[in-house]
Structures are given as structure tokens and as C-alpha cells.
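Per this note's numbering, the very first residue in the sequence shown carries number 21; after that it's consecutive.
Note that CB positions come from ideal geometry on N, CA and C, so glycine has one too.
Single-structure report; data block below.
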Amino acid sequence: MLDNMPPKSSETRKLNLDANVTKKDLKWAELGFQYHKTDYRFSAVHENGHWKDGALIGDEIIEIHEGAPSLHYAQQCFEGLKAQTAKDGRVVLFRPDLNSERMNQAATRLLMPEVPNEMFSQAIEETVRANYAWIPPYGSGASLYIRPMLIGEGENLGLNPAQRFQFRVFVSPVGPYYKEAGLAVISLAVSNMDRAAPNGTGSYKVGANYAGGLLATRKAQELGANEALYLDSAEGRYIDEAGSANIIIAMKGAKVITPLSDAILPSITRRSLMEIAARQLNMKIEERPIELRAEYTNFIEMGACGTAAVLSPVGRIWFDDSWHAVFEDGQTVGPIMQEMYDILVGIQKGDLADHYGWLHEVSI
Ligand SMILES: *Cc1c(COP(=O)(O)O)cnc(C)c1O
Numbered sequence: 021m022l023d024n025m026p027p028k029s030s031e032t033r034k035l036n037l038d039a040n041v042t043k044k045d046l047k048w049a050e051l052g053f054q055y056h057k058t059d060y061r062f063s064a065v066h067e068n069g070h071w072k073d074g075a076l077i078g079d080e081i082i083e084i085h086e087g088a089p090s091l092h093y094a095q096q097c098f099e100g101l102k103a104q105t106a107k108d109g110r111v112v113l114f115r116p117d118l119n120s121e122r123m124n125q126a127a128t129r130l131l132m133p134e135v136p137n138e139m140f141s142q143a144i145e146e147t148v149r150a151n152y153a154w155i156p157p158y159g160s161g162a163s164l165y166i167r168p169m170l171i172g173e174g175e176n177l178g179l180n181p182a183q184r185f186q187f188r189v190f191v192s193p194v195g196p197y198y199k200e201a202g203l204a205v206i207s208l209a210v211s212n213m214d215r216a217a218p219n220g221t222g223s224y225k226v227g228a229n230y231a232g233g234l235l236a237t238r239k240a241q242e243l244g245a246n247e248a249l250y251l252d253s254a255e256g257r258y259i260d261e262a263g264s265a266n267i268i269i270a271m272k273g274a275k276v277i278t279p280l281s282d283a284i285l286p287s288i289t290r291r292s293l294m295e296i297a298a299r300q301l302n303m304k305i306e307e308r309p310i311e312l313r314a315e316y317t318n319f320i321e322m323g324a325c326g327t328a329a330v331l332s333p334v335g336r337i338w339f340d341d342s343w344h345a346v347f348e349d350g351q352t353v354g355p356i357m358q359e360m361y362d363i364l365v366g367i368q369k370g371d372l373a374d375h376y377g378w379l380h381e382v383s384i
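Have a look at this one:
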């Protein structure tokens with residue numbers, strides 16, 4: 021294990037300056053959205069009512085008790101954010117405080133201990149810094165995906181909260197979520213399965229929401245779509261969201277609308293795009309229930325957004341046994357989604373001025 025020990029923080033700076041010259045020899049531009057083992061991850065344990073000091077470790081394998089509540093009862097939650105290299109070499113995160121806040125909402129909902137904001141940001145920064153060689157270079161189109169997670173570990177059998185929890189952060193260099201690079205037009209197929217109940221856990225990033233979606237995604241893909249689109253589970257009328265991305269829609273009259281629903285994951289990307297639409301594109305923004313069948317003919321453009329998907333224009337939607345084009349032929353990127361994408365990505369990479377104060381620099 022000695023050769024796999026993390027650098028002491030005093031050594032980190034030197035190590036990373038060296039790493040600067042020796043970035044990993046990856047074909048950055050060809051990366052997809054896949055797990056790539058990097059050198060370090062952060063781990064901290066909560067036991068007997070308090071957090072113990074966390075540390076960077078080399079081992080990607082978690083040894084876990086067979087009775088652990090995270091394995092049986094999905095007492096676990098996670099987050100997702102990205103680090104990017106700016107043109108000037110700075111390494112930047114996008115609104116990480118919101119991920120911290122959201123993880124703690126999930127933790128509270130599932131009777132898990134909150135991860136103190138300070139520990140959350142320290143864990144992320146240390147993990148990113150220690151894996152400097154794995155951060156895709158500026159202009160490669162790739163970024164470093166960061167996956168914080170909180171899991172209930174330890175011996176258990178009945179339906180009880182865990183006695184022990186682990187907070188872990190690992191990272192992986194990734195390319196675009198939907199295969200093609202840049203702005204790829206995707207298609208969605210309305211699922212006849214529900215993602216989350218109205219008063220369930222749909223608005224929390226908890227593992228329990230996703231296993232059930234695997235089959236829905238598979239069925240959507242069998243129809244030739246990229247992802248499933250979920251309607252509200254009470255009436256099956258209103259748009260909720262896609263499997264791992266929220267929905268935004270451009271309407272006539274320079275307006276952008278997005279579903280109002282308690283069952284969707286409050287996307288940080290969506291929140292940011294709505295703000296960009298209002299403040300930089302002078303569009304009206306509205307969060308309200310959106311009835312798919314009654315309203316889709318009024319859609320001008322549609323997009324699926326999230327950290328992984330960024331903003332993917334939706335060309336067509338499958339429902340009621342046929343395809344319905346949303347924008348032109350269903351293959352073309354519309355000008356509104358293009359502009360929103362360019363501004364968002366420009367800010368995230370540090371190419372455009374960050375008037376909002378959204379970027380957080382990681383000191384390397
Ligand atoms: C993570 C996620 C999103 C996107 O949220 P961001 O904060 O923008 O990354 C959207 N929908 C679901 C179901 C998600 O899990």
C-alpha cells in the first residue's frame with residue numbers, strides 16, 4: 021500500500037506542479053461518460069454520533085458489512101459535479117455549495133448524519149487536487165466528474181437506520197453523457213412507469229430513485245430514444261423530468277418554462293440556465309405544471325439539463341405510440357438551446373465573465 025499513499029498536503033503543491041508536465045496520457049477528446057480509476061479518493065466515517073477525521077486513500081474498493089442498510093434498504097445518497105480546467109490553467113468547480121446543501125437535504129430525509137459543509141468542500145478540493153493529473157486539459161471537451169456519496173454501513177438486519185456511515189468522494193475524467201461530442205440532439209420516450217410518487221423521494225438524489233429507472237431507460241432505448249421521460253405519477257399528464265436530467269422548454273413570446281413538481285430532482289444546472297435566460301437573454305421565465313399532450317405543439321425548443329448532460333436539445337418525443345417532433349426535423353439544434361448552452365459552458369470553463377459568482381476555484 022505504501023506506493024499508494026496520498027501526498028501530504030505540504031507535498032501536494034510540488035507533486036501537482038510535476039503533474040502539470042505529466043498529465044495522464046489519455047485520449048481526452050474520446051472519453052465517454054464512464055468510470056476511470058484515478059489515484060485518490062476521500063473517505064470519512066461517522067460513528068457513535070460524530071465524524072472522524074477523513075483522509076485521502078488509494079483503494080477504490082469499499083469493504084462493507086453484508087447487512088449494511090445501504091445495500092438492502094438504499095439508505096444512501098449521492099451528488100454529482102464537475103471540475104474544469106480554465107484557459108489560464110485555473111481549476112474551477114461550478115456552485116459546489118448547492119451540492120453540499122442538497123446532499124444534506126437527502127441525508128436528513130433518510131435519517132443519515134449531515135456532512136458539514138466544511139468537510140464537504142475540503143473533501144472535494146483535496147480529491148481534485150490529489151488527482152490533478154487526471155483533470156482533463158482546457159479545450160479537450162472533457163471534465164473531471166466528482167461523485168460525493170454517503171452510505172449507511174455496518175451490521176444490521178431489520179429496517180433501521182445504520183449505526184455507521186461513510187462519506188466518500190471519488191472522481192473520474194469524463195466526456196459527454198450522450199455519446200456525440202458537443203451539443204448532441206437527443207430524443208426522449210415517455211415511460212409508462214413512474215419514477216417517483218408525489219410525496220416520495222423524487223426530489224432527493226437518493227439511490228432508491230434510480231434502480232427502478234433502469235428498465236424504463238432500457239425500454240426507451242429499445243424505441244430508439246436516448247432516455248425515458250417521466251410524467252407526473254398521479255395523473256400521467258404533466259412533465260416531470262428525464263431519467264437523469266431536468267427539462268426546460270422555450271415557448272413563444274421569449275419565454276422559458278420548466279416543470280413545477282415536488283417529484284423532480286432540483287437541478288443546479290436548470291436553476292442556473294433559468295437565471296441565464298432571465299438575466300442574459302431577457303426572457304420571461306416560469307416554473308409551472310406543463311401538460312405534455314395539450315401543450316407540446318406550442319413548444320419552440322426543448323432541452324434536457326444536468327451536470328452530466330449539460331444541456332442536450334430534445335429533438336423529438338415518443339408518446340401515444342408515435343414520435344412527435346419538438347424542433348424542426350428532430351435532428352437540428354435550435355438557436356435558443358445553442359445560446360443557453362454556449363453561455364452556460366462558457367461560464368463553467370471560465371471563458372465568459374462569471375457575473376453571478378458561480379465558480380469556485382480549487383487552489384492547486
Ligand atoms: C442529478 C440529477 C439531475 C441534474 O441535477 P444537476 O444538479 O443539474 O446536476 C436531474 N435529474 C435527476 C433525476 C438527477 O439525478
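- Along the region 215–273, the beta strand (DSSP E) occurs as fully enclosed runs of 3 or more residues at 247–251, 259–262, 266–271, listed in sequence order.
- With a threshold of 7 Å, the Cβ atom of E261 counts as near ligand 1, since some heavy atom of the ligand is closer than that.
- Taking 8 Å as the cut-off, the Cβ atoms of Y258 and S281 count as close.
- Remark: the shortest separation between the CB of L251 and any heavy atom of ligand 1 does not fall under 7 Å.
- In the structure shown, I171 falls within a strand segment according to DSSP collapsed to helix, strand and coil.
- Contact annotation, G354 with E306: C-beta distance approximately 19 Å; criterion of less than 8 Å not satisfied.
- The criterion of a C-beta distance shorter than 8 Å is satisfied by Q300 and I363.
- By the criterion of at least three beta-carbon pairs nearer than 8 Å, the region 164–173 is in contact with the region 92–103.
- Shown here, W338 sits in a strand according to DSSP, grouped into three states.
- Within the DSSP secondary-structure output, V111 pairs in a beta bridge with T105, V382.
- The criterion of a C-beta distance shorter than 8 Å is satisfied by C325 and A265.
- Around the C-beta of D59, 16 or more other C-beta atoms lie within 10 Å, and the residue is accordingly described as buried.
- Of F319, R238, G195, P218, the smallest CA-CA separation from Y158 is found for G195.
- For ligand 1, no non-hydrogen atom lies closer than 7 Å to the CB of K272.
- Remark: C-beta atoms of V205 and G335 approach each other more closely than 8 Å.
- The nearest non-hydrogen atom of ligand 1 is less than 7 Å from the C-beta of L285.
- The DSSP assignment places complete alpha helix (DSSP H) segments of no fewer than 4 residues inside the region 125–203 at 137–150, in order along the chain.
- The beta carbons of V191 and I166 sit closer together than 8 Å.
- G366 carries a helical assignment under DSSP once its states are collapsed to helix, strand and coil.
- The beta carbons of A182 and A88 sit closer together than 8 Å.
- For S292, the enclosing alpha helix (DSSP H) has its first and last residue at 288–299.
- Sixteen is the threshold: when 16 or more other Cβ atoms of the shown chains lie within 10 Å of the Cβ of L293, as they do, the residue is buried.
- Scanning its chain for C-beta atoms nearer than 7 Å, with the 5 sequence neighbours on each side dropped, one finds around I284 the residues G222, S223, D260, E261, N266, in chain order.
- Judged by beta-carbon spacing, I144 lies beyond the 8 Å limit of V111, meaning their Cβ atoms are not closer than that value.
- Excluding residues up to 5 positions away in sequence, T58, D59, Y60, L164, V191 lie with their Cβ nearer than 8 Å to the Cβ of N151 in the same chain.
- Among the bridge pairs identified by DSSP, G323 is matched with I268, P333.
- Excluding sequence positions up to five before and after N180, its CB lies within less than 8 Å of the CB of P89, all in the same chain and listed in chain order.
- Using a Cβ distance threshold of 8 Å, K47 and A153 do not count as a contacting pair.
- Judged by beta-carbon spacing, G100 lies beyond the 8 Å limit of T289, meaning their Cβ atoms are not closer than that value.
- The bridge partners DSSP lists for P355 come to none.
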